[in-house]
Amino acid sequence: MSISLDEVRHVARLARLDLDESELMAFQGELNQLLGHFGDIQGVDVSGVAPKPHAVALQNVWAEDEPRFGLTREQALRNAANSRAGLFIVPTIIEE
Amino acid sequence: MARYLTSVGMEVHAELLTRSKMFCRCEVGFGGEPNTRVCPVCLGLPGALPVPNRVAIEMVLRTALALNCQIAYDSVFHRKNYFYPDLPKGFQVSQYGETNPLGYYGTLDIPAADGGTKTVRIRRVHLEEDTGKLMHLPGGGSGVDYNRAGVPLMEIVTDFPPDITTPDEARDYLQQLRLVLLYLGVCDGKMEQGSMRCEPNISIRPEGSETYGTKTELKNLNSFRSVQMGVEYETERQSQVIESGGRVVQETRGWNESTQSSFAMRTKESEQDYRYFPCPDLVPMHFEEASIERLRATIPELPLAKQRRYQGEFGLSEYDAGVLVGDQSWAGFFEEAVGQGGDPKAVCNWMNGDLLRLLNETGQVALAGGQAVAHGHGTPATVSKVTPAHIVDLVRLVGSGQINSKTAKTLLDDAFSSGDMPSRLVEAKGLTQISDDGFIKETVAQVIAENPGPVEQYKSGKQGVIGFLVGQVMKSSQGRANPTMVQDEMRRQLGE
Ligand SMILES: [Zn+2]
C-alpha cells in the first residue's frame, strides 16, 4: 500500500495546499510511512469480529430540540480576517 | 426529426421545521440580521462538538415511513469534504451509502392522467445540514451569513432509471411530495423562500434506445411552474443540440425565470471528489423496531389517498377533492363538517366556492375544532369565525328549502363577519324562504302585468326571457321566494 506523487498532488489540491515539488515528495514519504502502519493493522486476524462504524461504544447520543443562544455577532466575527455589515468577508466567489 | 424520450431524476432538499439546528442548539428562523444565530459548532470553531437533534432524526424517519422506505436500523453520519465558504467546517455532515441513509428504496404515488395513480420510486431519504448564504458585495468580496448553516436538511432523491418522463409528472411529483411533507409537519414547503428546493436532472434519448443520455442538472427553480418549464426547456434544448450534430454536456445549469431559459453555471468543485468518511464526532444511530412502529403510527392519511377517497366515497370531482386536500387543515375542516352530518357535495361546494373566496379576500384561515394554525417560521394567520358547524347549518337550511341559495350566500357573508350561526340569522332577520302558494301566484301575476314587452317576446318564442321574469319575482320578494315554485308558476301563468 503506497501513495503516488500524483495522488499526493491531487489530495493537496483538494485541501487547497499549494505545495512545491520538494514538499510533495516530503509529504509522499510521510504519508507512505503512515500507510505502512495501516498495513501492519491489516495483518491482524479479525475473522469473527463484526465491523464497527465507530471506535467508541456509544450510540444514539442526541439532544432535545430546544434553542439556546450561542454567540453574539460581535463574538462570532471577532476572529474573522475580514468582516463588514455583520458578514464574514471572503474573496469574491464566482458562481452563477 | 427523431422522437425523444425524456427522463427526469428529482433531488429535493427540504429544511426541517425544528426549532434548533441539526448539530447545535442555535435557533432556526427565516431572515433576521446576518450571523445572529450562530455558535462555535455551526461556525466550525476548533474543539466544538456537534450533538444531533433528536426531533430532526424523527422527522426524517417519519418522512421515510410515509414514502414506504426501508429504514436503516443502523445508520451513521458522514463527512462530505469540500472547500467552499458557505460551510465553515470544510465539510458538510451528510449520509452516504446504499443502505445507510435513514430511509431507502421507497415510493411516492402521483396522479396519473387516467385518474389513477403512478408510482415513482424513491432512492433515498437522508439527513444532512444546510449551508450558509453567500452574497456578492459591491466593490469586491463575498459576504457570508451563517444563520442557515447547520439547519437540518432532508434530501429526497428518486431512483434510477427515472420513472418521471414528462414536465407535468415532474411538477406533480414535486406537488405531491410537498403536500406529504406539509401533512407530516416536517417542512413548510415554501419554494419561493428556499425552504424546499428542487434540482431535477434531465436527459433525453431517441425513442427505442435503451441507453440513457447525458444528463444536465437544473438549479434556481423556485416554483412548481418553473420546474415544469425548466424540464420542458431542457428537453427541447437537448434535442436541438443532438439534432444539430452536437453532444449534450454533463453540467449544472441555472434557470433564468425572466428569460424562461437555462444557462451553464460554473460549479463550485470541478472535481466531485468528496472523500466521504464516517464523522468521528458523531456516534452511530440504532433504532429498535418498536420505536419505528411508534413513529409509523403517527403517519396521517396521505393527500393523494385522501383525494382519491373523497372522489370515491363522496362522488367529488378530482379537481374539488384536490382543492380540499391541497391544505391539510382545509381537508380537516371538510371532514369535520361531513362528520357533523353535512352533505359532502354541498359542504365541498360552499367551502371551495364562497368560503374560500372570503378567506382569500381577508387572508384568514378556517379551522376545524382542535386544529392549530399551521406552524412555520412566518407570521400566523387570523382564524376565521366560520367553523364547520356554520357550513353544516347553512347546507341544512338550503337543503330543507328554508332558504334559497341566493339568501344563503348573503348569510355566509354575514356569518363570516359576525360569527353568528346562519339559522340564528334567518330567525333574526326573517329570511326564511317563501313557499306560500298564494304569495307566489300573486307576485308572478303582478310581474306579468308590469312587463308586457318581455311577456310578448316569450309568447312569440323567446323562451329565454323567462329568466328575466323569474328574476323580477325574486327581486320583489327580496330573494326569498322559492325559485323552483316561481319558475313553475311563471310557466303556468304564461302558458294560459
Ligand atoms: Zn450553532
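Residue numbers (my numbering), protein chains in the order written: chain A, 11 to 106; chain B, 31 to 526. Just so it is clear, CB atoms sit at the ideal spot from N, CA and C, and this is done for glycine as well.
In terms of alpha-carbon separation, which member of the options lies closest to residue i?
i                : options                                   : result
asparagine 434/B : Pro452/B, Gln258/B and Gln100/B           : Pro452/B
proline 131/B    : Gly145/B, Tyr112/B, Leu157/B and Gly162/B : Leu157/B
threonine 188/B  : Cys228/B, Ala143/B, Lys220/B and Ile101/B : Cys228/B
glutamate 365/B  : Leu117/B, Gly400/B, Ala142/B and Glu391/B : Gly400/B
isoleucine 13/A  : Phe37/A, Val59/A and Asp75/A              : Phe37/A
alanine 78/B     : Pro310/B, Leu248/B, Ser37/B and Pro115/B  : Pro310/B
threonine 102/A  : Lys220/B, Gly169/B and Lys148/B           : Gly169/B
arginine 277/B   : Arg109/B, Arg267/B, Met381/B and Gln337/B : Arg267/B
arginine 154/B   : Lys148/B, Thr161/B, Arg324/B and Ser124/B : Ser124/B
proline 63/A     : Tyr126/B, Pro115/B, Gln290/B and Val90/B  : Tyr126/B
alanine 25/A     : Arg305/B, Gln223/B and Val495/B           : Arg305/B
valine 150/B     : Lys245/B, Val38/B and Ala102/B            : Val38/B
methionine 504/B : Met520/B, Val368/B, Asp444/B and Glu323/B : Met520/B
threonine 48/B   : Met40/B, Glu41/B, Gly59/B and Val42/B     : Gly59/B
lysine 249/B     : Asp350/B, Gly243/B and Gln290/B           : Gln290/B
lysine 148/B     : Tyr203/B, Asp104/B and Pro80/B            : Tyr203/B
Between the C-alpha atoms of residue i and residue j, what's the straight-line distance to the nearest angstrom?
i                : j                : result
cysteine 263/B   : glutamine 122/B  : As written in the sequence, residue 263/B is tyrosine, which differs from the cysteine given in the question. Spanning the two alpha carbons is a distance of roughly 32 Å.
arginine 522/B   : serine 507/B     : 19 Å
proline 197/B    : valine 257/B     : 8 Å
glutamate 33/A   : alanine 90/A     : 29 Å
arginine 510/B   : leucine 461/B    : 7 Å
aspartate 30/A   : valine 261/B     : 46 Å
histidine 20/A   : leucine 354/B    : 56 Å
glutamine 394/B  : isoleucine 421/B : 16 Å
leucine 209/B    : leucine 95/B     : 15 Å
alanine 361/B    : aspartate 373/B  : 15 Å
threonine 328/B  : valine 54/A      : 47 Å
alanine 376/B    : threonine 417/B  : 15 Å
arginine 78/A    : serine 50/B      : 8 Å
asparagine 481/B : glycine 431/B    : 28 Å
histidine 273/B  : lysine 439/B     : The question names histidine, yet the displayed sequence has glutamate at residue 273/B. Near 58 Å, if we compare the C-alpha coordinates of lysine 439/B and glutamate 273/B.
cysteine 56/B    : proline 182/B    : 11 Å
asparagine 83/B  : glutamate 74/A   : 6 Å
glycine 352/B    : methionine 165/B : 39 Å
cysteine 54/B    : alanine 320/B    : 28 Å
arginine 88/A    : leucine 45/A     : 39 Å
glutamate 472/B  : leucine 385/B    : 36 Å
isoleucine 234/B : valine 279/B     : 12 Å
serine 93/A      : methionine 40/B  : 37 Å
alanine 294/B    : glutamine 43/A   : 44 Å
threonine 195/B  : arginine 201/B   : 11 Å
leucine 251/B    : valine 71/A      : 37 Å
methionine 292/B : tyrosine 34/B    : For the record, residue 292/B in the displayed sequence is serine; it is not methionine. Each residue's Cα considered, the two are about 19 Å apart.
For the putative contact between residue i and residue j, defined by C-beta atoms under 8 Å, what is the C-beta separation to the nearest angstrom?
i               : j                : result
arginine 83/A   : asparagine 177/B : About 10 Å separates the two Cβ atoms, so there is no contact after all.
alanine 396/B   : leucine 389/B    : 6 Å
leucine 334/B   : aspartate 139/B  : 5 Å
threonine 36/B  : isoleucine 232/B : 7 Å
glycine 61/B    : alanine 95/A     : Not a contact, Cβ separation roughly 15 Å.
glycine 74/B    : lysine 119/B     : 4 Å
methionine 52/B : glycine 180/B    : 5 Å
serine 545/B    : methionine 221/B : Here chain B has residues from 31 to 526 only, and residue 545/B is not among them.
glycine 80/A    : valine 68/B      : 6 Å
valine 495/B    : glutamine 487/B  : 5 Å
CB of residue i to nearest heavy atom of ligand 2: below 7 Å?
i               : result
asparagine 92/A : The model depicted lacks ligand 2 and carries ligand 1 instead.
Got a list of residues with beta-carbon closer than 6 Å to any non-hydrogen atom of ligand 1, in chain order? Gly80/A, Lys51/B, Cys54/B, Cys56/B, Val68/B, Cys69/B, Val71/B, Cys72/B and Gly180/B
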